[in-house]
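Engineer:
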Amino acid sequence: MNVNLENQVDTKIIDEIITKHKGKPGELLTVMEEVQEANDYKYLDEASMGYISSKSKVPLSQIYSVATFYSFFNLKPQGKHTIIVCRGTACHTKGSKILLDDLTTLPGCKDAFDAGETSFTTDDKLITIKTVACFGQCALAPVVAVDGVIYSNVTSEQIKKLLENLQEENKDENIRLS
Amino acid sequence: MEKKKINIIVDGKEYQVTEGKSILESCREIGIKIPTLCYLKDISQNASCGICVVEVKGARTLVRSCISKATEGINITTHSAAINIARKTNLELLLANHPKDCLICERNGNCELQDLSALLGIKETPFERTKPVPKIDNSSLSLIRNPDKCILCGRCIAVCADVQTVYAIDFAGRGLKSKVSTYLDQGLGNVACTNCGQCALVCPTAAIIERDESKEIMADIYDDNKIVIVQTAPAIRVGIGEAMGMGEGELVTGKMVAALRKLGFSKVFDTDFAADLTIMEEGFELISRIKNKGTLPMITSCSPGWIKFIEHFFPKSLSHLSTCKSPQQMFGAVAKTYYAEKLNVDPRKIVVVSIMPCTAKKFECKRPEMKSAFHYWKEKLNLPEKDSFFDVDYVLTTRELARMFKVTGVDFSNLPEEDFDHPLGISTGAGVIFGATGGVMEAAVRTAYEVITGKPLEKIELNVLRGFEGIKEAELDLNGTKLKVAVAHTLKNARVLLEQIEEGTSPYAFIEVMTCPGGCLGGGGQPIPTTWAIRQKRSDSLYKEDRLKPIRKSHENPAIKAIYDDFLKEPLGHVSHELLHTDYIERGIY
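Here the protein sequences line up with chains A and B, keeping their order.
FYI, the numbering for the first sequence is 28 to 205, going by the working numbering.
FYI, the numbering for the second sequence is 11 to 600, going by the working numbering.
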């Protein structure tokens, strides 16, 4: 898969997003969120952040500060599918570490997490593995989000199967538990 | 008007204090000391360290005295078993991730964290390190950041944003990964940083320091094949004494000269000479711009942090900058041409060292265009491009110079006073006051008035241009020609004047801008701490030296007359154009 890492969001789209939210509270967060969403690889590329800064007059260092504070923002291109494993206390006690270990079998993934990264994307830009501190769904632990859909009481077998399906571009919609 | 007083109780005693202050400042007002770490008056109250906690009757928890207001009737306890444990624990937690290399640290003996550890009687560091060792940011020619020594107090961020409006750094990450960072971690040398060094001046530890070049200089001093000459900026004579254990702002010109000679410099010269030269060139440039309807207002160009600021943030306004190089760079260009000719030596043998109150000067001297002397000699001596040299080889801050004096055993306060060498050490009072905000303007007026009107200026002390007000303005009457001028210090104030220019509403003909609060005397390379009270003392000393000088107008400096007669011929002439003037580049924000 040929990935253009210089991928950036059309400045016209950014202009529209900025105009739409002008003057509203939390303007910057919303703009950054929508610009990330507008990027094909769901991340805040350098050119777009520069453009947001010049248009909104928010200094680059502050944009970077916001982008690195919230784990929602990505500074690297994301895979086609994203699996987010909750590493909060409740999920941890219910075995979310095992789920993460199942996922970090992807080549290079374990090294990245061991080095302190909280996000890993496969070279072919197909799958991104991330962790979060808590989804707030502790009663359903362990919790995993796949492409924005939250799955609860996930088992090791299910996650392995899911990974397989995603890799074969054959996403199993039925891993949701009963 | 007398400010309203309120009644407060501190440690069981009743006091009256000024209304509207924090608990911390109220206690300071009545002489009760509360230990602090991240707090820095007028700059930062980030409330991140938890050292200044006190008990307030009725409050559920300990409160941070730096951000909590003292109110009528408040009952404060500044020390108790609970407070002491909290302060100690908070400090121990900070120390867990701070390297324990005080013995070999640049700030050894001048570190707020070290002082506080002693103050709170820290004997062990019970908590284990939780953070990996981060990379040192070596990308800037002026400043080095060692995030490992950072305690996340936020002072540098506050000074960069609120005083300078540069926003080169901010917090990045969250929790354990929190750090002070530039955009995309690119490093200070690769973002829109002006190198002003105010961050280094307010840093409580050695997390941001100047790039130290003293080793290279000592090697050159000990090399018999080199002629190492030194120039000292006006603000050094009111700062170095302080750094050598003398009084704040003490005027120590003679001792400084003696100490530099002891260090081994072959000639000790004065940047004030070059400041006088700057006044000649800049004064005539202003007159020429007014006569020929050139771009006005013209803005001074002595302060390299300011130059980089306008190049980054207001590149459209670059034509307003005087084309004059800063005094430091004029000195270098003159030293390696005019003075080299006088000595009849190969200019490549001359090493020019500047002692500056400034970290941005380190960047300035390495700007690729600052090789005027090389271009002057290139054809005459048939020099190959690979032999090219900078006009100024090294810049040392006041702090680095103090370290060199200490290492070489200079007994500074007991040295007899000595005079600068000739001819590049001859200067006037006008050159001296360059070190204070408003000084360049005052010096320029002293000369421009007499050149334009042909009459002597009766009152040469222009009090309206003195003092620490952010933006000062004045209207000058030059033989019927009214000239509005303004003086700004800090880049925040400079920004105000630039925005006026870009909106087309600037009423001024001439503007002086200094990057640092108070002018060079409050520069990023000056001794730590630098407070407003200390700045005032340094300023008083500079104006005192001006009063003591027999000659107080740049155009009356005999050495300046001589350099024009023998070498430059006339202000704005061909040689001046080649050696003393420069141009600027559009950088933009990145």
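Ideal Cβ positions, reconstructed from N, Cα and C, are used throughout, including at glycine.
So what does ASN85/B bridge to, in DSSP terms?
Structural biologist: Note: ASN85/B sits in a beta bridge opposite ILE19/B.
Engineer: My guess is that ASP129/A and LYS84/A are in contact by the Cβ rule of under 8 Å, so how many angstroms apart are they, rounded?
Structural biologist: That belief does not hold up - the Cβ atoms of ASP129/A and LYS84/A are roughly 46 Å apart, past 8 Å.
Engineer: In the structure shown, what three-state DSSP assignment does HIS108/A receive?
Structural biologist: Three-state result, HIS108/A: strand.
Engineer: Under 7 Å between the Cβ atoms of LYS82/A and ILE45/A?
Structural biologist: Contact: yes.
Engineer: Using the beta-carbon count (16 or more within 10 Å), is ILE320/B buried or exposed?
Structural biologist: With 16 or more Cβ atoms within 10 Å of its Cβ, ILE320/B is classed as buried.
Engineer: Keeping to the same chain, check which residues put their C-beta closer than 7 Å to that of ASN503/B; ignore five residues upstream and five downstream.
Structural biologist: Within the same chain, ASN503/B has close Cβ partners GLY480, ILE481.
Engineer: For GLU389/B, collect the residues of the same chain with a Cβ closer than 7 Å to its Cβ; drop the 5 residues on either side in sequence, then sort them by chain order.
Structural biologist: Result list for GLU389/B: empty, nothing under 7 Å.
Engineer: Going by DSSP, what residue range makes up the beta strand (DSSP E) through ILE521/B?
Structural biologist: Where ILE521/B is concerned, the enclosing beta strand (DSSP E) stretches over 520-524.
Engineer: So, THR215/B versus LEU123/B, is the Cβ gap smaller than 7 Å?
Structural biologist: Yes, the Cβ-Cβ distance between THR215/B and LEU123/B is below 7 Å.
Engineer: Looking only at DSSP bridge pairs, what is THR155/A linked to?
Structural biologist: Its beta-bridge partners are THR109/A, THR148/A.
Engineer: Distance, Cα to Cα, LYS236/B vs GLY274/B?
Structural biologist: If I take the Cα positions, the gap works out to 12 Å.
Engineer: Name the two residues that bound the continuous alpha helix (DSSP H) containing PHE181/B.
Structural biologist: It is not in any alpha helix (DSSP H) - PHE181/B instead sits in the beta strand (DSSP E) that spans 180-182.
Engineer: Could you give the uninterrupted runs of the alpha helix (DSSP H) lying entirely in the segment 240-308 of chain B, keeping only those of 4 residues or more?
Structural biologist: Entirely contained in the segment 240-308 of chain B, the alpha helix (DSSP H) runs reaching 4 residues are, in chain order, 250-253, 263-273, 281-301.
Engineer: With a threshold of 7 Å between beta-carbons, can TYR91/A be considered close to chain B, or not?
Structural biologist: True, the Cβ-Cβ gap to chain B drops below 7 Å.
Engineer: Within 7 Å of any Cβ in chain B, is that where the Cβ of GLY56/A sits?
Structural biologist: According to the sequence shown, residue 56/A is Leu rather than Gly. Taking Cβ atoms only, chain B never reaches closer than 7 Å to LEU56/A, which makes this a no.
Engineer: For GLY199/B, which residues in chain A fall below 8 Å Cβ to Cβ?
Structural biologist: Chain A residues near GLY199/B: none, gap ~15 Å exceeds 8 Å.
Engineer: With 16 other CB atoms within 10 Å as the buried threshold, where does ASN29/A fall?
Structural biologist: Here the model assigns ASN29/A a pLDDT of 43, short of 50, so the residue's position is not dependable and the matter cannot be decided.
Engineer: Check the DSSP bridge columns for GLU379/B and list the partner residues they point to.
Structural biologist: DSSP output for GLU379/B lists no bridge partner at all.
Engineer: Is it buried or exposed for VAL62/A, if we count other Cβ within 10 angstroms and need 16 for buried?
Structural biologist: Buried, since its Cβ has 16 or more Cβ neighbours within 10 Å.
Engineer: Can you tell me the Cα-Cα spacing of THR242/B and VAL248/B, whole angstroms?
Structural biologist: Distance between the alpha carbons of THR242/B and VAL248/B: 11 Å.
Engineer: For CYS160/B and GLY532/B, I'd like the C-alpha separation in whole angstroms.
Structural biologist: Rounded to the nearest angstrom, the two C-alpha atoms are 23 Å apart.
Engineer: Give the range of the beta strand (DSSP E) segment to which ALA498/B is assigned.
Structural biologist: Looking at the DSSP string, the run of the beta strand (DSSP E) that includes ALA498/B is 491-499.
Engineer: Under 8 Å Cβ-Cβ, which residues of chain A neighbour THR183/B?
Structural biologist: It is worth fixing the name first, because residue 183/B is Gly in this sequence and not Thr. Per Cβ cutoff of 8 Å: THR95, PHE96.
Engineer: If you run the structure through DSSP and keep just helix, strand and coil, what is ILE599/B?
Structural biologist: Looking at ILE599/B - three-state DSSP - the assignment turns out to be coil, as it is neither helix nor strand.
Engineer: Quick test of your reading: GLY365/B and ALA569/B, contact by CB under 8 Å. State the CB separation rounded to the nearest angstrom.
Structural biologist: In the sequence as displayed, the identity of residue 365/B is Ile instead of Gly. At roughly 19 Å, the Cβ-Cβ gap does not stay under 8 Å, so ILE365/B and ALA569/B are not in contact.
Engineer: Would ASP147/B count as contacting chain A if we go by Cβ distances under 7 Å?
Structural biologist: It does not; no Cβ of chain A falls within 7 Å.
Engineer: So, using beta-carbon positions, are LEU590/B and LYS335/B closer together than 7 Å?
Structural biologist: Yes, they are a contact pair.
Engineer: Tell me, to the nearest whole angstrom, how far the beta carbon of ILE300/B is from that of SER276/B; I am working on the premise that it is less than 8 Å.
Structural biologist: Wrong, their Cβ atoms sit about 42 Å apart, outside the cutoff.
Engineer: Using the C-alpha atoms, what's the distance from GLY77/A back to PRO134/A?
Structural biologist: Computed Cα separation, rounded: 33 Å.
Engineer: Contact criterion: CB-CB distance below 7 Å. Does LEU71/A meet it with respect to chain B?
Structural biologist: Chain B, which has no Cβ nearer than 7 Å to the Cβ of LEU71/A, makes this no.
Engineer: Taking its Cβ as the centre, do 16 or more other Cβ atoms sit within 10 Å of LYS207/A, making it buried, or is it exposed?
Structural biologist: The first residue shown for chain A is 28 and the last is 205, placing residue 207/A beyond what the model contains.
Engineer: For GLN26/B, count the other beta carbons within 10 Å of its own beta carbon; 16 or more makes it buried, fewer makes it exposed. Which is it?
Structural biologist: Exposed, by the Cβ-count rule.
Engineer: Could you tell me the alpha carbon to alpha carbon distance between ALA74/A and GLN196/B, rounded to whole angstroms?
Structural biologist: Rounded to whole angstroms, ALA74/A to GLN196/B spans 15 Å at the Cα level.
Engineer: Decide if GLU134/B is buried, meaning its Cβ has at least 16 other Cβ atoms within 10 Å, or exposed.
Structural biologist: GLU134/B comes out exposed.
Engineer: Please state the DSSP three-state secondary structure of ASN34/A.
Structural biologist: Of the three classes helix, strand and coil, the one that applies to ASN34/A here is coil, per DSSP.
Engineer: GLY367/B to PRO466/B, Cα distance in whole Å?
Structural biologist: Per the sequence presented here, residue 367/B reads as Pro, with Gly not at that position. Taking the straight line joining both Cα atoms gives about 33 Å.
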